[in-house]
Each structure stands twice: as C-alpha cells, then as structure tokens.
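Reading through the structure tokens given below for one structure.
In the UniProt record's numbering, the protein residues as written are 1 to 192.
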C-alpha cells in the first residue's frame with residue numbers, strides 16, 4: 001500500500017473507464033475535476049465486457065465496495081480530516097492507495113492520466129566487431145546519428161575498452177569527461 005504523496009505508482013496503459021462510488025458531492029466534484037484533467041471517463045457501474053482501469057471508492061461508500069478485480073488498482077478517497085480512518089479501513093480491506101483530498105488532487109490527476117499513457121518502448125541494437133578496424137564503431141555512430149536525425153532519442157554506448165572511443169567520430173571538439181583511454185592510463189599508473 002502506498003501513500004498518495006508517492007508519484008512512482010504507474011498503472012498499466014488503458015482506455016478503460018474508471019469506476020467511482022461516493023455519496024459526497026464535494027468529493028465527487030474533486031474526483032471529477034481530477035478525471036477531467038486526466039481525460040478519464042468515470043463510471044458508476046463496472047462494465048462486464050471491458051472492466052475498469054481503476055476503482056475509486058470513498059470512505060463513506062466503503063460498505064458498497066465492489067469485489068476486488070485482479071490487477072486493477074483500488075483507491076480509498078476521503079477528506080484529509082478522515083485520513084487516519086482511511087488508513088485503518090484500507091488496511092483491513094486490502095485497498096492499494098489512500099488518497100486524502102484535496103491535498104492529493106494533483107497526485108490523483110497524475111495517476112489517472114498514467115492509466116492510458118502508452119509506455120515508451122525502445123529498440124536495442126548491438127554492433128559487435130570481430131577485430132579492430134572492422135567498422136563496428138563507425139556503423140554504430142551512423143545508426144545513432146540516423147535515428148537522431150529522424151527524431152528518435154538515441155543513446156550510444158561504446159563499450160570497446162581498447163578502442164579510441166566514438167566521441168571523436170561524433171564531434172570535432174574534444175569531449176569532456178572520462179574516456180576509455182583515460183581509464184587505461186589511470187589503471188596503468190595505479191599498477192606502477
């Protein structure tokens with residue numbers, strides 16, 4: 001179980017609606033505002049065919065808590081003044097998150113927005129050369145530069161401890177920082 005101040009919780013990508021149950025009008029307005037900011041649809045019944053992306057239940061509606069859905073994050077919402085009671089109820093019912101409102105409104109909007117955010121995916125390309133001069137470093141730089149020109153974020157890692165490094169191929173100026181050559185020199189000085 002995590003607190004509402006923790007922003008590291010990311011739910012799986014989904015366009016499913018979010019189930020919300022509360023009899024409190026002020027709490028309903030706060031949740032509706034967070035859902036609108038996150039572009040998430042709230043429903044009061046769980047669709048049988050599609051399910052829901054998350055379950056939001058207020059502390060006063062806890063007696064009508066729907067059955068647990070595997071893999072669906074559940075949140076207990078309520079006013080900040082009832083946070084201690086919310087923690088006790090969440091512990092006994094196995095709810096994932098406690099969300100005291102209005103303090104956690106921004107967290108709730110961010111969490112709901114993350115429900116249908118598509119996680120970034122990346123391709124990994126490894127270039128191996130059999131010997132020095134085979135062209136592995138040159139090919140690696142060309143592929144990384146071509147991807148960057150097309151707008152892809154590229155990360156080039158030159159793991160050849162015996163090579164001169166790829167930084168010389170990518171820019172004319174001396175690159176600041178430690179290179180493989182610097183490491184080799186430092187190791188040889190240490191061994192002396």
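Yeah, the Cβ is synthetic: ideal placement off N, Cα and C, and Gly gets one too.
- As summarised for the UniProt domain "Rv3660c-like CheY-like N-terminal" (30-117), the continuous beta strand (DSSP E) elements at least 3 residues long and confined to that stretch are 54-58, 74-79, 97-101, given in chain order.
- Annotation for residue 136: 127, 128, 129, 160 place their beta carbon closer than 8 Å to its own, counting only its chain and skipping 5 residues before and after.
- Listed as beta-bridge partners of residue 21 by DSSP are 57.
- Exclusion of the five residues before and after residue 89 leaves 59, 62, 76, 95 as the residues of its chain whose Cβ lies within less than 8 Å of its Cβ.
- Residue 33 and residue 91 have their alpha carbons spaced roughly 27 Å apart.
- Residue 137: member of the alpha helix (DSSP H) spanning 136-149, first to last residue.
- Here the C-alpha atom of residue 179 lies approximately 26 Å from the C-alpha atom of residue 122.
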